[in-house]
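Enquirer:
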Amino acid sequence: MKGAKVLIFIVFGLCILALGGSYYLHKIFFDRIQYYAQEQDRSAEKIDSFSVKLTDFRNNLDDFNTRFRQYSDTLERLEETVSATQQPDATARIDALKSDIEGLRSSYLSAIALLQDKMSALEIKVGPIKDAVNNQKVELGELSIEKKK
Numbered sequence: 011m012k013g014a015k016v017l018i019f020i021v022f023g024l025c026i027l028a029l030g031g032s033y034y035l036h037k038i039f040f041d042r043i044q045y046y047a048q049e050q051d052r053s054a055e056k057i058d059s060f061s062v063k064l065t066d067f068r069n070n071l072d073d074f075n076t077r078f079r080q081y082s083d084t085l086e087r088l089e090e091t092v093s094a095t096q097q098p099d100a101t102a103r104i105d106a107l108k109s110d111i112e113g114l115r116s117s118y119l120s121a122i123a124l125l126q127d128k129m130s131a132l133e134i135k136v137g138p139i140k141d142a143v144n145n146q147k148v149e150l151g152e153l154s155i156e157k158k159k
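All residue numbers for the sequence shown refer to the numbering used here, where the first residue is 11 and numbers rise by one.
1) How would you call residue 104, buried or exposed, if buried means at least 16 neighbouring beta carbons within 10 angstroms?
2) How many whole angstroms separate the CB atoms of residue 108 and residue 125, which I take to be in contact at a CB cut-off of 8 Å?
3) By the three-class DSSP mapping on this structure, what secondary structure does residue 23 have?
4) To the nearest angstrom, report how far apart residue 111 and residue 65 are at their CA atoms.
5) In its own chain, which residues sit with a C-beta less than 6 Å from the C-beta of residue 45, not counting the 5 before and 5 after it?
6) Please report how far the alpha carbon of residue 57 lies from the alpha carbon of residue 121, in whole angstroms.
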């Protein structure tokens with residue numbers, strides 16, 4: 011009888027130990043999933059922030075391009091005005107200024123084209139990454155947990 015009591019006590023202790031261990035493993039497991047979901051959210055926020063900055067940069071670039079064209083148009087009108095007044099000295103200065111601006115404009119346009127190519131490449135890279143982060147699932151064995159939106 012005493013052996014049965016000891017055996018029941020041992021079995022009861024092992025059950026308590028198993029329950030405690032499973033609770034501990036369960037807690038670690040779901041804490042890890044929660045951590046990965048938070049990291050996913052942070053990554054999505056960083057990508058969204060980068061996309062916004064990229065869009066702002068593109069808008070600023072377009073504004074700069076518009077202003078540059080306005081300055082170029084103003085210079086052409088100034089050249090027409092000076093040509094109409096027939097002042098050779100002013101015409102020579104405007105021609106020099108025009109050549110300087112054309113040089114700046116060509117280098118500016120090549121820089122704009124390069125930046126736009128790089129921005130397009132970045133947008134191509136950011137889009138799928140953003141979609142993957144937003145739609146990502148945490149899969150661990152048979153358990154699959156989708157990120158809540």
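Note that CB positions come from ideal geometry on N, CA and C, so glycine has one too.
Expert: Result, derived from the coordinates:
1) Position 94 of the sequence shown holds residue 104. Buried, by the Cβ-count rule.
2) As a position in the sequence shown, residue 108 is number 98, starting the count at 1. As a position in the sequence shown, residue 125 is number 115, starting the count at 1. Wrong, their Cβ atoms sit about 25 Å apart, outside the cutoff.
3) Sequence index remark: in the sequence shown, residue 23 carries index 13 (1-based). Looking at residue 23 - three-state DSSP - the assignment turns out to be helix.
4) On the sequence shown, position 101 is the one that residue 111 refers to. On the sequence shown, position 55 is the one that residue 65 refers to. The C-alpha of residue 65 is placed about 28 Å away from the C-alpha of residue 111.
5) For the purposes of this step, residue 45 is taken as residue 35 along the sequence shown, with counting starting at 1. Sequence-distant Cβ neighbours of residue 45 in its own chain, meaning closer than 6 Å and more than five residues away, do not exist here.
6) Sequence index remark: in the sequence shown, residue 57 carries index 47 (1-based). Sequence index remark: in the sequence shown, residue 121 carries index 111 (1-based). Between residue 57 and residue 121, the C-alpha separation is close to 25 Å.
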